[in-house]
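Note that full-length UniProt numbering has the sequence shown beginning at 1, numbered continuously upward. Note that beta-carbon positions come from the ideal geometry of N, C-alpha and C, so glycine has one too. Structure, as structure tokens:
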Amino acid sequence: MKKRLTEAQFQAAIKGLEIGQQTIDIARGVLVEGRPQAEFVASLGLSKGAVSQAVSRVWAAAGGVLPEGFERVTAVLPEHQAFIVKRWEADAKGKRKQEPNS
Numbered sequence: 001m002k003k004r005l006t007e008a009q010f011q012a013a014i015k016g017l018e019i020g021q022q023t024i025d026i027a028r029g030v031l032v033e034g035r036p037q038a039e040f041v042a043s044l045g046l047s048k049g050a051v052s053q054a055v056s057r058v059w060a061a062a063g064g065v066l067p068e069g070f071e072r073v074t075a076v077l078p079e080h081q082a083f084i085v086k087r088w089e090a091d092a093k094g095k096r097k098q099e100p101n102s
């Protein structure tokens, strides 16, 4: 699965991070624009590890950002209830993708 963020998610993720403009540019290129990391390795003369670290920092920060009105939960449930909760999650993800600002 490719790691992708919307521009709004990206902006929320980098807010408060102490990172340089080059890191922002690399992470936006990969996470928002869908450009391959190898493109930045070649064009900027950086190592694969440096490019990967730039993307990973922003991706990790984005993991803690939830859309307004959403909450992350962890639960241990009987199998049939877990199935229902997973369906709810899929429905919520589908609705978020349909929203113009997500």
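For residue i, which three-state DSSP category applies?
{"i": "Leu46", "result": "coil"}
{"i": "Lys93", "result": "helix"}
{"i": "Leu31", "result": "helix"}
{"i": "Ala82", "result": "helix"}
{"i": "Glu39", "result": "helix"}
{"i": "Arg57", "result": "helix"}
{"i": "Thr23", "result": "helix"}
Over the uninterrupted alpha helix (DSSP H) stretch that includes residue i, give me the two end residues.
{"i": "Phe10", "result": "Glu7 to Ile14"}
Closer than 7 angstroms: is that where the CB of residue i sits relative to any heavy atom of the ligand SAM?
{"i": "Lys3", "result": "Judged by which ligands are present, the structure shown has none, so any question about the ligand SAM falls away."}
Just to check my reading of the structure: residue i and residue j have Cβ atoms closer than 8 angstroms, yes? What is that Cβ distance to the nearest angstrom?
{"i": "Val32", "j": "Leu66", "result": "Not quite, the Cβ-Cβ distance comes to about 18 angstroms (not below 8 angstroms), so this is no contact."}
{"i": "Val58", "j": "Phe40", "result": "So it is not a contact: roughly 13 angstroms between Cβ atoms."}
Tell me which same chain residues have a C-beta within less than 7 angstroms of the C-beta of residue i, skipping the five on either side of it?
{"i": "Gln9", "result": "Ala62 and Val65"}
{"i": "Arg35", "result": "Gly29"}
{"i": "Trp94", "result": "Checking the sequence shown, residue 94 turns out to be Gly, not Trp. Within the same chain, Gly94 has no close Cβ partners at all."}
{"i": "Ile26", "result": "Phe40, Val51, Ala54 and Val55"}
Using the rule of at least 16 other Cβ atoms within 10 Å of the residue's Cβ for burial, across every protein chain shown, is residue i buried or exposed?
{"i": "Ile14", "result": "buried"}
{"i": "Val55", "result": "buried"}
{"i": "Gln74", "result": "For clarity, residue 74 is Thr in the given sequence; the question names Gln instead. Exposed, by the Cβ-count rule."}
Using a Cβ-Cβ cutoff of less than 8 angstroms, which residues in the same chain neighbour residue i once the five nearest sequence positions on both sides are dropped?
{"i": "Leu17", "result": "Arg57, Val58 and Ala61"}
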